[in-house]
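Asker: Heads up: the sequence shown begins at 1206 in my numbering, then just goes up one per residue. No residue lacks a Cβ here, since even glycine has one placed at the ideal position from N, Cα and C.
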Amino acid sequence: MSNAYAKLKSHLRQVAVVESIASVLGYDERTVMPTNAAGTRAEQLSFIAELAHQRFIDPRVGELLAEAEAQTPREPADGDEQANLREWRRAYDRAVKLPADFVAELVKTTSLAEHAWAEARKQSSFAMFLPWLEKIVALKRREASYVGYATGNPYDALLDSYEPGETSAHLGRVFSALRARLVELLGRIVASGRKAPVELLGRCFPVSQQAQFARAAAEALGFDFASGRIDVSVHPFCSGIGPGDTRMTTRYHERHFNDAFFGVLHETGHALYEQGLPKDERFGEPLAEAVSLGIHESQSRLWENLVGRSAAFWRFMFPKAVAAFPEALGDVAPRDWLFAINDVRPSFIRVEADELTYNLHIMLRFELEQALVRGDVAPRDVAGEWNNCFKSHFGLDVPSDAQGCLQDVHWSAGLIGYFPTYALGNLYAAQFFEQARQDLGDLDAMFARGEFAPLLSWLREKVHQHGRRYRAADLVQRITGRPLDPEPLLRHLSDKARAYYGV
Ligand code: ZN
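1. At 3 residues or longer, and completely inside the segment 1411-1449: list those beta strand (DSSP E) runs for me, N to C.
2. Select from Ala1282, Phe1638 and Gln1417 the residue whose C-alpha is nearest the C-alpha of aspartate 1679.
3. Relative to the alpha-carbon of glutamate 1404, which residue among Phe1544, Pro1336 and Gly1377 has its alpha-carbon at the smallest distance?
4. According to DSSP, is threonine 1356 helix, strand or coil?
5. Do glutamate 1502 and ligand 1 come close, with the Cβ less than 8 Å from some heavy atom?
6. So, under 8 Å CB-CB, isoleucine 1500 and alanine 1677 are touching, yes? Tell me the CB distance rounded to an integer number of Å.
7. Can you tell me which of Ala1318, Gly1284, Asp1485 and Ile1554 puts its alpha carbon nearest to the alpha carbon of valine 1603?
8. Under the criterion of a Cβ to heavy atom distance below 8 Å, does glutamate 1486 qualify as lining ligand 1?
9. Can you tell me which of Trp1337, Ala1305, Ala1242 and Ala1227 puts its alpha carbon nearest to the alpha carbon of tryptophan 1616?
10. Report the rounded CA-to-CA distance for alanine 1422 versus leucine 1470, giving the unit in angstroms.
11. For the alpha helix (DSSP H) containing arginine 1393, list its first residue and its last residue.
12. The alpha helix (DSSP H) that contains tryptophan 1663, what's its start and end?
13. So what's methionine 1453 in DSSP terms, helix, strand or just coil?
14. Can you have a look at leucine 1694 and say buried or exposed, based on whether 16 or more other CB atoms are within 10 angstroms of its CB?
15. Within 10 Å of its beta-carbon, does leucine 1601 have 16 or more other beta-carbons around it, so buried, or fewer, so exposed?
16. Hey, phenylalanine 1462 and glycine 1407: beta-carbon distance below 9 Å or not?
17. CB-CB under 7 Å to tryptophan 1663, same chain, minus the five flanking residues each way: which ones, in chain order?
18. Valine 1412 and glutamate 1459 - do their beta-carbons sit closer together than 9 Å?
19. Check whether the Cβ atoms of arginine 1673 and glutamate 1371 sit closer than 9 Å, and answer yes or no.
20. DSSP three-state label for histidine 1461, please.
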């Protein structure tokens, strides 16, 4: 290890420490902070964010990076120091390309825009949000031009910050192969005339039992409560704060089983990834961080959907569910329960969508965002474009802006280029899961016995322990021997359509 590398590593560990302080403040804000502390907290958070940013873009970091690169052999490309230097270089170059006044303007605009969006959504008025959308799209186009893009598509400069190395051309090919077959499968499901007994999910599930039941499920899957916890917040999330501290949240509704339970399985998937990263030894290094948002999402979707909605999982869990909720589930046949939690139908809201139609929601956003960033669609035309696309993809007329283009917080927060990582997560999850089945044998028999450790160990070995050593495309190739492939997800969804809808 060169002297410059050692200095760089210790400097950037301090940046990670500062960022972890911000995570604690953010977690506190969304779980237990008194409302009147909002002003104080905003000041604390912006102070800490500024501190971390200044330390990171310090010219000394650039000098140490250049020295360390000169002193470190290029091979092996995936060696510890090589991978860390590659990722530090990427993050540093991106950060220093953005002028300080631009960053400040973006932070200020998006924090005001989020409030405006919340109000516009409440009133279901796209016109109210439009001035903010115009500002944000203009800022994000500027960001793309500062960062630069070799592909000719400015959207790629934005996508790259969430999914390093991914391009819109590649995603476009994968998504269009997927879309035609999803639409066709959805058509057959709707035409089958079978309807899942979703009313079962709206029976009374007392909150205290839900909390115990969800906690027991997280523990069974392998979440380490000595290094983490579950709290309540309005919007569920998971925060990998630092070594020994991974926290997640959920929300409970007495008459809505899915929200809390599948929310906890989802966040547990994120949390198991965070707990599996080698943070104890490497905190502050890219080798202790997730590959990308898409890979992070693959872990949550894998546990939530591939495991948590499977018949085998419920062979283990259903008797426990009946014991926890005797009044709601005492008279329910396991098969009806499984059908209810595997319901597929076209609907307006992305976050409530099923495993199949979810991907169509993402594709609509992916196309619209690209058109916005390229300037092919003007912000004022977004609502109309949205409704047209929705009609052609889902066959439904959008009844209001709140149920249409105003439903998600992302654009108001400046998160353009983020949506595709959700669908990538579904694709990676299915592809990893097929491989795990091949490598581990009868996973269903294991799940039915409540044995999840073999799958978790497999994920630890194949994905978690590597941190950011490999880019997502390299990782999927290494693990499955193939590039990203929509077939495993299509097989999974087709198998379910056959089992539940007979098509
Ligand atoms: Zn997630």
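Answerer: In brief:
1. For the segment 1411-1449, whole beta strand (DSSP E) runs of length 3 or above, ordered along the chain, are 1433-1437 and 1443-1447.
2. Working through the sequence shown from its first residue, we reach residue 1679 at position 474. Nearest C-alpha to aspartate 1679: Ala1282.
3. To locate residue 1404, count along the sequence shown from 1; it is residue 199. Glutamate 1404 has its Cα closest to that of Phe1544, out of Phe1544, Pro1336 and Gly1377.
4. Along the sequence shown, read from residue 1 onward, the residue named residue 1356 stands at position 151. Threonine 1356: coil per DSSP, three-state reduction.
5. Your numbering for residue 1502 matches position 297 in the sequence shown. For ligand 1, at least one heavy atom lies less than 8 Å from the Cβ of glutamate 1502.
6. As a first step, residue 1500 must be located in the sequence shown, where it is residue number 295. As a first step, residue 1677 must be located in the sequence shown, where it is residue number 472. Between alanine 1677 and isoleucine 1500 the Cβ distance is about 5 Å, and since that is below 8 Å, they are a contact.
7. Here residue 1603 refers to the residue found at position 398 when the sequence shown is read from its first residue. When only C-alpha atoms are compared, the closest one is Ile1554.
8. What you label residue 1486 is simply residue 281 of the sequence shown in a count that begins at 1. For glutamate 1486, the CB stays at least 8 Å from every heavy atom of ligand 1.
9. Residue numbering aside, residue 1616 sits at position 411 when the sequence shown is read from its first letter. Of the candidates Trp1337, Ala1305, Ala1242 and Ala1227, the one whose C-alpha sits nearest the C-alpha of tryptophan 1616 is Trp1337.
10. For the purposes of this step, residue 1422 is taken as residue 217 along the sequence shown, with counting starting at 1. For the purposes of this step, residue 1470 is taken as residue 265 along the sequence shown, with counting starting at 1. Spanning the two alpha carbons is a distance of roughly 8 Å.
11. Against the sequence shown, residue 1393 aligns to sequence position 188. Start and end: 1373-1397.
12. Position 458 of the sequence shown, counting from 1, holds the residue named residue 1663. Looking at the DSSP string, the run of the alpha helix (DSSP H) that includes tryptophan 1663 is 1658-1667.
13. Start at 1 with the first residue of the sequence shown, and residue 1453 comes out as number 248. Methionine 1453: strand per DSSP, three-state reduction.
14. Position 489 of the sequence shown, counted from the start, is the residue given in the question as residue 1694. By the 10 Å Cβ count, leucine 1694 comes out buried.
15. Here the question's residue 1601 lines up with position 396 in the sequence shown. The residue is exposed, with fewer than 16 neighbouring Cβ atoms inside 10 Å.
16. Taking the first residue of the sequence shown as 1, we reach residue 1462 at position 257. Taking the first residue of the sequence shown as 1, we reach residue 1407 at position 202. Going by C-beta atoms, phenylalanine 1462 is nearer than 9 Å to glycine 1407.
17. The residue labelled residue 1663 in the question sits at position 458 within the sequence shown. The residues are Ala1641, Asp1644 and Leu1645.
18. Residue mapping note: residue 1459 aligns to position 254 of the sequence shown, counting from 1. Residue mapping note: residue 1412 aligns to position 207 of the sequence shown, counting from 1. Yes, the pair counts as a contact, with Cβ atoms nearer than the cut-off.
19. Indexing the sequence shown from 1 puts residue 1673 at position 468. Indexing the sequence shown from 1 puts residue 1371 at position 166. No, Cβ-Cβ distance for arginine 1673 and glutamate 1371 is not below 9 Å.
20. By 1-based counting over the sequence shown, the position of residue 1461 is 256. Histidine 1461 falls in the strand class under three-state DSSP.
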